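All residue numbers for the sequence shown refer to this note's numbering, where the first residue is -2 and numbers rise by one. From the three backbone atoms N, C-alpha and C, an ideal C-beta is built for every residue, glycine too. Since the model is a prediction, treat every value here as computed from it, not as a measurement. One structure is given here, and the rest of the page talks about it.
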Amino acid sequence: MARGGTKSFFRLIEQFSTQAEPAYCGPSTLCVVLNALAVDPRRTWKGVWRWYEEEMLNSCIDLEMVKKKGVTFGTFACLARCQGVAVEARWAEDSTVEEFRRAVRACCTEEGNSSSDEASGYPVFLVTSYSRRVIEQTGDGHYSPVAAFDEVSDKVLILDTARFKYGPHWVPLQLLFDAMIPIDKDTGRSRGYLLLSFKGDDTSSNLPLQSILFRSKKSHDPVRQQFKKFLDSRQSNDPAAFEEVESFWKKGGKEPKFIFDMIEPQLVPVNEREAQIVEDVCRLIQLLISDIPRLKAADEDELTECCGPRCGANASRNIPITAIEAIFIVYLATLPPDQRKGLVYSGHRQGFGRFSDEVLDQLIRESELVQYAIEMSCTK
């Protein structure tokens, strides 16, 4: 502490907790960092408190699968980004111990403000993904946040969320870097380290915020991959037409709810302001859909088809978004950014001016998240 290497320590130790499952080191580490960054999960934990816990991360991962296998390095990065966090992921095989040391110094010492976020006053936390075997611990792949750095001994302080096995402990920096290098058999790549930061309500960030309309699980990846293959197989270089996207997701009219095999409606928000934004975004989607020529002649049943029991026992508590509305958002996700924004903001030109920029931007972010999930489905 006297040497100034504890800049990250106090924020992280306030949120330090024990993982709820033996293979939950990734989600638990991420929850510690999200709470330390004061990211709003936009849903309640217990009572009125909005606080991250592992069960809230059931978006780009399937928690039942995580309980058995944990999460890969790429999935951890995806999961963090889905919470609206800026992520800089560095595989050990593409980095050096000196680069790692500079990253540790930047996050843990007062004189190490080398990143733009840190220099702007936003905290940056470092998470490591490494093999326990290399540092002579039991087990293998593991995630932990780095809370402190001692320049003299060249050691880092690991806050191990598996506190039933190991408490916080110091590890030589070189040894920790060496522990990231072994190949992870699930990905065929090394492990690595990640720099996580959050700019709060700064809308200038290019990162999409967390979805308020949909849940998207890692187990949905095979369906996302099918759609990506469909898009890649098209002969035209032009973006897909809405009718093409609709035909894929309705399987030519044979399965109108197939879209819900990729994305599921979120639960209705408990926060009144967020509930109003959800309502306004859905109204905006409905107005934009009403301008699509094919749908002008559609019957009411086609336009009101919801997820229903397909989305599980809590379906009655879900946002009542229809299949055609979900398909429209996926269609937006296939468009180039400028065309996507032009289509959404065209509402103003058609007299939809009662929608705020916040609502318009949220719809764009929803499509950006879908686009990101589709792209990430093809990576390990």
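Where residue i falls, given that 16 or more other Cβ within 10 Å makes a residue buried
i, result
"G250", "exposed"
"S201", "Note that S201 scores a pLDDT of 41, beneath 50, so its modelled location is shaky and nothing firm can be said."
"T15", "exposed"
"S111", "For S111, the pLDDT reaches just 48, beneath the cut-off of 50, and the residue's location in the model is therefore unreliable, although a value from the coordinates is still provided. The residue in question, S111, is exposed, as its Cβ has fewer than 16 Cβ neighbours within 10 Å."
"K4", "buried"
"N234", "exposed"
"A103", "buried"
"D181", "buried"
"W46", "exposed"
"F161", "exposed"
"F7", "exposed"
"L357", "buried"
"D218", "buried"
"R351", "exposed"
"T135", "exposed"
"P24", "buried"
Short Cβ contact (8 Å threshold) for residue i with residue j
i, j, result
"Y127", "L173", "yes"
"E322", "I286", "yes"
"K289", "F239", "First, the residue type needs correcting, since residue 289 is Ile and not Lys in the sequence shown. For I289 and F239, yes; Cβs fall inside 8 Å."
"I256", "V327", "yes"
"F70", "T184", "yes"
"I324", "F224", "no"
"T331", "L264", "no"
"S194", "A100", "no"
"V367", "I260", "yes"
"I318", "L210", "yes"
"S374", "Q222", "yes"
"C28", "E50", "yes"
"V278", "Q171", "no"
"R280", "G189", "no"
"L76", "V124", "no"
"A89", "I155", "no"
"V30", "P165", "no"
Local conformation of residue i per DSSP, three classes
i, result
"G67", "coil"
"E269", "helix"
"K338", "helix"
"R351", "coil"
"I289", "coil"
"P205", "Confidence is the limiting factor: at P205 the pLDDT is only 41, short of 50, which leaves the residue's position unreliable and the question unanswerable from this model."
"L154", "strand"
"R186", "strand"
"D181", "strand"
"R212", "strand"
"N32", "helix"
"P253", "coil"
"E261", "strand"
Where the beta strand (DSSP E) containing residue i begins and where it ends
i, result
"F195", "It is not in any beta strand (DSSP E) - F195 carries neither H nor E in the DSSP assignment."
"S141", "138 to 147"
"L123", "121 to 128"
"P169", "166 to 169"
Endpoints, alpha helix (DSSP H) assigned at residue i
i, result
"A86", "Segment 83 to 88 is the beta strand (DSSP E) holding A86; no alpha helix (DSSP H) there."
"I326", "320 to 330"
"S244", "239 to 246"
"E133", "Here E133 belongs to no alpha helix (DSSP H), and DSSP marks it neither H nor E."
"S230", "218 to 230"
"I10", "6 to 12"
"C79", "Run containing C79: none; DSSP gives neither H nor E here."
"A17", "Element bounds for A17: n/a, residue is neither H nor E."
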